[in-house]
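Heads up: the structure comes next, in structure tokens.
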Amino acid sequence: MSSNEVATGLRLANKATARTLRGAEHTTIHLSEPVPCAAFQHHWTAPAAFRTMGRKQREKLLCLTAASGDLTNLQVALQATGLVLPGGKAAPLLCAAGRAGRLEVCKWLAARHRVDRDCWVSLFQAAAKGGQPAVCQWAVQQKEIGPGAGYPIEPDELERAAMQAAGKGHAQLVWWLLPAVLSPDPRGLRPAPGLHCRLLAAAAKGCDLDTVQRLCSLDGGPEAWAAAEGGGSGGRGVWGGGQAPAVQWDRVLGKAVRGHTGEWRAVTAFLLLRGARFGAPMGASAGLQGLYAHAARVPGPGALERLTWLASLGAGAPGQAALQAAVAAGNLAAVQWILRQGMPYLQLGDIQESVRRAAAGGRLALLRALHGGGCPLEPAGPLMQAAIEGGHLELARWLLAAFPRACFDKALASNDTWYEAYGAGNVELMAWLHEQGCPLDVSNWRWAAQCGCEAALEQLRDWGCRKTSSGDAYEAAANEGDLRTLEALRRLHAPFGPASGYMLSRAVKEAPLPCLKWLVEAGAPVDWSRLEGQGYWRMSGDSDEVEHWIAVESLKAARQAAAAEAAQRGKGKGAKGAKAPAPAKPAAKNPRKVAAKPTAKPTAKATAKAAAEASVAAAAKALVQRAVKAAARPPPAATRPRARAAAQARAQAPGGVAKRAPQGRGRGGAAGAKRKKPKRVKVWTVGRALDPPPGPDGRRPVTIAAMYASRNSWRNKL
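Take the sequence shown: its letter number 444 is residue 444 in UniProt numbering, and every next letter is one higher.
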């Protein structure tokens with residue numbers, strides 16, 4: 001049984017089994033692996049399952065579920081999270097499935113979502129990083145980046161995929177990709193300079209000694225590459241080109257020291273024996289100091305092992321670059337070892353960016369070690385902002401206790417701090433900020449809606465934060481494709497904005513179509529004439545669908561308005577035209593003649609209903625007639641032969657343009673007569689109803705007239 005089956009099924013059999021299987025390995029559920037469908041659905045379909053989870057956490061759940069390869073659970077998660085992922089927003093899910101080798105999930109996601117070229121390239125590189133040749137081969141065969149594509153995959157994209165495969169130790173995939181990287185491009189494109197050194201550096205970090213030796217044997221080895229580069233100038237061979245050999249080989253040796261295989265010592269020693277030499281000091285990436293910095297970036301106890309090994313080679317005491325690397329990586333053991341080697345007195349400005357990264361990662365023990373070792377952490381305002389941005393409550397409390405004035409003045413006294421807190425999605429941290437007096441504003445609603453945390457929105461309601469009247473909270477949630485947050489905003493009675501429909505006119509430029517439909521169905525104010533043509537400015541690739549939806553809804557709204565107006569008009573006429581019933585006629589003298597039954601007079605309600613139906617039928621008939629006339633309308637005057645000849649004659653007249661006769665004289669009209677202004681009739685049409693048929697590629701031809709009509713209105717679209 002898998003660990004997930006034990007955690008969700010076996011240990012729940014009885015109390016004795018639960019007491020036996022109470023270790024962390026039996027109680028932890030790994031979402032990146034298949035989870036039993038019943039347990040997954042029971043947990044994530046609960047009403048309060050996502051109450052404290054922000055949008056980023058829900059997206060991470062989708063990525064982990066896609067990596068597990070369970071399509072049933074993925075469908076449940078997509079429905080439960082309430083996230084709409086159009087276009088490129090589905091790329092993280094596709095890359096997660098491709099990195100795990102879930103080809104069926106990749107095919108399902110590609111068929112469900114619109115996948116562009118950049119998404120296919122990202123999938124190809126993610127599959128290479130995960131060592132999945134089947135997914136790589138399937139991705140590279142797609143029409144967007146395949147051999148027959150108009151913009152196929154480029155050499156630098158292939159090189160990046162090979163480097164990622166080498167960095168993760170997938171040697172077989174590297175040899176499969178290498179011919180494609182080295183083959184000449186039909187468009188004449190060449191790999192970037194220094195290709196061999198970059199690929200060898202990636203292999204030195206992730207591959208074994210045999211792979212590194214095979215790469216070094218290509219093209220004559222390091223000595224030939226250095227000779228081809230000519231002491232710094234780029235060579236022109238397959239591998240040649242790039243920076244000076246010393247800088248390139250310092251990078252290769254640094255990656256070898258950071259290697260995450262058990263052969264990192266052997267790989268480093270082999271590269272040293274093959275002629276890799278150190279250059280002059282050039283900052284953190286030169287000489288043994290650069291190797292110290294690379295070793296300090298290794299996570300866990302491996303960093304201390306590499307640091308002591310370099311010191312045994314006679315590298316001397318580590319410098320400031322090593323301390324910066326250890327602090328940025330959050331490696332407490334490496335920081336303490338470097339400080340014990342006699343590190344001189346440092347100011348925070350020397351390693352400020354590294355300390356800020358450690359604060360963003362929540363390295364409380366490391367910051368305490370620096371503070372106790374004599375490194376001042378002032379100014380502490382940026383560190384407090386980094387801790388809040390990372391969602392680390394304990395670190396924020398420690399910083400406030402150690403540096404109260406700086407933290408309050410630079411972080412807690414500003415309303416912008418809430419934006420960073422909402423991005424972290426830590427509800428307890430938000431409550432602590434409110435206790436410390438961090439000011440609230442109407443912008444908090446927009447930030448909370450953008451982060452997608454229902455608990456944060458409920459906190460604002462409980463704290464009495466003034467709601468925004470512009471509807472920008474709905475706009476922020478709709479732009480992110482977050483249907484759950486939209487439901488939460490409506491439940492909390494957040495206003496939709498002004499009655500002019502300004503909020504929806506802004507959201508239509510970016511929000512997915514399901515979110516736009518939700519806003520209209522929820523009762524958001526909408527002005528359809530204001531939305532016409534706005535869909536063509538969208539960048540998500542679904543502009544045609546949005547424009548068609550706007551046209552259909554505009555037509556529905558126009559028909560409803562016409563029906564309501566006709567009903568109101570008919571109701572008024574029926575009330576005024578109602579007459580008293582006529583007196584009954586006397587019986588016929590001839591008894592053989594049977595009197596006809598009197599017909600009942602229609603009521604005012606029936607008269608109004610009949611008038612409304614007749615008005616709607618007449619409007620629909622007129623709409624069809626106008627559409628047919630518009631389709632059979634002759635081309636503009638500028639395209640007719642006779643009008644074109646007249647235009648050329650006017651252009652050739654003296655002075656460049658021939659003068660036209662006055663409108664009231666010389667054309668049969670009386671002097672001073674005014675021309676009648678033509679009456680404008682607005683015609684509502686369904687977009688693209690009579691457009692030319694789609695071509696072989698499935699796309700409709702776009703003309704200048706169609707683009708102009710989309711910017712103004714739909715009345716000339718046909």
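We put the beta carbon where it would ideally sit given N, CA and C, even for glycine.
Excluding sequence positions up to five away, which residues of its chain have a Cβ less than 6 Å from the Cβ of residue i?
i, result
"L62", "A77 and L93"
"A473", "W445, R446, A449, L489 and A494"
"S2", "none"
"R363", "G330"
"L12", "none"
"S470", "G497"
"A18", "R11"
"G9", "none"
"E454", "R51 and A488"
"L209", "E263, A266 and V267"
Quick check on the burial criterion: 16 or more other C-beta atoms within 10 angstroms. Buried or exposed for residue i?
i, result
"K129", "buried"
"P512", "buried"
"Y151", "exposed"
"Q385", "buried"
"V657", "Here the model assigns V657 a pLDDT of 46, short of 50, so the residue's position is not dependable, and the following value carries that caveat. Looking at its Cβ environment, which holds fewer than 16 other Cβ atoms inside 10 Å, V657 is exposed."
"G523", "exposed"
"D118", "exposed"
"R55", "buried"
"V681", "Here V681 scores only 42 on pLDDT, less than 50, and its place in the model should not be relied on; the value that follows carries that caveat. Exposed."
"R538", "buried"
"T268", "buried"
"W463", "exposed"
"K426", "Residue identity differs from the one stated: residue 426 is Asn in this sequence, not Lys. When all chains shown are included, N426 counts as buried."
"E25", "exposed"
"K168", "buried"
"V552", "exposed"
CB-CB under 8 Å to residue i, same chain, minus the five flanking residues each way: which ones, in chain order?
i, result
"V121", "I145, I153 and E157"
"W432", "L393, A396 and R397"
"P635", "At P635 the pLDDT is 48, less than 50, meaning the model places this residue with poor confidence and gives no usable figure here."
By the three-class DSSP mapping on this structure, what secondary structure does residue i have?
i, result
"D441", "coil"
"L377", "coil"
"M1", "coil"
"G194", "coil"
"D482", "strand"
"L313", "coil"
"V6", "helix"
"L83", "strand"
"I338", "helix"
"S543", "helix"
"L519", "helix"
"Q141", "coil"
"P299", "coil"
"L12", "helix"
"D416", "coil"
"Q132", "coil"
"C407", "helix"
"I550", "helix"
"R363", "coil"
"K509", "coil"
"T261", "coil"
"H434", "helix"
"H392", "coil"
"C207", "coil"
"H371", "helix"
"G146", "coil"
"H294", "helix"
"S122", "helix"
What residues in its chain sit with their C-beta under 7 Å from that of residue i, if we drop five residues either side in the sequence?
i, result
"W264", "A256 and V257"
"D441", "N415"
"A561", "none"
"L383", "V355, R356, A359, L377 and L399"
"W44", "V76, A77 and A80"
"Q341", "A317 and P318"
| said: Quick check for students: name the residue ranges of the alpha helix (DSSP H) that lie wholly in the region 14-77, counting only runs of 4 or more. | reply: If you keep only unbroken alpha helix (DSSP H) runs of at least 4 residues inside the region 14-77, you get 15-20, 24-27, 37-44 and 55-68.
| query | Residue ranges of each alpha helix (DSSP H) run of no fewer than 4 residues wholly in the region 152-179, ordered along the chain? | reply | You should have 155-167.
| field | Unbroken stretches of the beta strand (DSSP E), 3 residues or longer, contained in the region 446-506 | value | You should have found no qualifying run.
| At least 3 beta-carbon pairs within less than 8 Å: the region 156-172 vs the region 196-212 | Taking 8 Å as the limit for Cβ pairs, the verdict is that the region 196-212 does touch the region 156-172.
| task | Decide if the region 65-80 is in contact with the region 26-36; the criterion is three or more beta carbon pairs, one per stretch, under 8 Å apart. | result | For the pair of segments examined, the region 65-80 was found to touch the region 26-36: the number of CB pairs separated by less than 8 Å reaches three.
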